[in-house]
Amino acid sequence: MAITDLPAPVVRPRANPDVDLAALASALRDRVDGEVRFDAGSRAAYSTDASNFRQVPLGVVVPHTPDAGAEAVAVARDFGAPVLSRGGATSLAGQCANTAVVIDWSKYCTALESVDVGSRTCVVQPGIVLDELNRLLAGEGLRYGPEPATHMNCTLGGMIGNNSCGATAQRTGKVVDNIARLEVVLYDGTRFWCGETSDERYLAIERRGDSRAAIYRQLRALRDTYADDIRRHFPTFPGGSPVTTWTPCCPSTASTSPGCWSAASPPWSPCCARNWS
């Protein structure tokens, strides 16, 4: 297969153009533990990030807890409204701006839930800022490795979404190299932990009939189709663009399950991040 033989882009259905914003806002206020902002001022404030892009959101939800954020996704789904997670909004490429219900994790979902010094891992909520995490970990002699230039403001959830690296990546690797497990919430309401997966476990998940199984099957299909091209044409280095996210899915031995990676006991602290939808 030639490098130019790329798949056609997947065009997702447009958001429901007939969303009743008043009813959506009312349902969010009734069902979500958090702030719900559909006023013009809030929508304008959330219409951009650190980039030059601007998209006015349908509305904004600031959940008090990760569970409340998951409920906001459920409400939006009931109305056919898209959702967009927002962390520190330090993106230079518009990742935090779209015509959607924006879920801002950075105000309340900021906890360091636990630290396991022995395994050098911690569990965090998606809105915790990197500098704050490292301040809390310092007392245990730990530090989260990747350090983007926006470390004073960027959140762990946003770093995961962007696969951030920064100047330290040559030593510590990118974010993808420093995540032990993720708890994810899909738009259809499916919620699960994922991470390093054995071949047997991966096959068992694929045999299910749910949306998680569909994702795992698609990952395997992508790996089987493009792994050789990725190995051949994309360099392997600690820092760099998000395209290198695929390198862990392309192991040197075909027997390794796609999408399986783990941090191999680095001197910094991998994390388990919760509820980044």
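304 is the number that this note's numbering gives the last residue of the sequence shown; the numbers go up by one with no jumps.
Note that the Cβ used here is the ideal one computed from N, Cα and C, for glycine as well.
Relative to the C-alpha of residue i, which residue among the options is closest?
i: Asn79; options: His91, Thr117 and Ala49; result: Thr117
i: Asp143; options: Leu164, Gly154 and Thr177; result: Leu164
i: Arg198; options: Val89, Met179 and Arg170; result: Arg170
i: Ile206; options: Val88, Ala231 and Ile187; result: Ile187
i: Tyr135; options: Thr75, Pro93, Arg147 and Ala67; result: Pro93
In the DSSP output, which residue or residues are listed as bridge partners for residue i?
i: Pro90; result: Gly61
i: Val156; result: Thr182
i: Asp143; result: Thr148
i: Gly193; result: Glu174
Below 8 Å on the Cβ atoms is my guess for residue i versus residue j; work out the distance and round it to an integer in Å.
i: Gln82; j: Asn125; result: 5 Å
i: Ala95; j: Gly61; result: 5 Å
i: Glu210; j: Gly193; result: Not a contact, Cβ separation roughly 24 Å.
Which same chain residues, not among the five before or five after residue i, have their C-beta less than 6 Å away from its C-beta?
i: Gly168; result: none
i: Arg218; result: Val212
i: Tyr73; result: Pro84, Val87 and Val129
i: Ser69; result: Val87
i: Gly216; result: Ala101
What does a CB cutoff of less than 8 Å around residue i pick up in its chain, not counting 5 residues either side in sequence?
i: Gly115; result: Ser133, Val156, Thr177, Asn180, Cys181, Thr182 and Gly185
i: Phe106; result: Asn43, Val46, Asp47, Ala50, Leu51 and Ala54
i: Ala138; result: Val151, Gln152 and Ile155
i: Glu233; result: Ala240, Tyr243, Arg244 and Arg247
With a threshold of 7 Å on Cβ separation, who are the neighbours of residue i within its own chain once the five nearest residues in sequence on each side are excluded?
i: Leu55; result: Val63, Val88, Ala99 and Val102
i: Leu160; result: Leu139, Val151, Tyr171 and Leu183
i: Gly121; result: Asp76, Ser78 and Phe80
*Completely contained alpha helix (DSSP H) runs for the region 201-250, where each covers 4 or more residues*: 226-233
*Start-end ranges of the beta strand (DSSP E) lying completely within the region 106-139, minimum 3 residues*: 110-113 and 128-131
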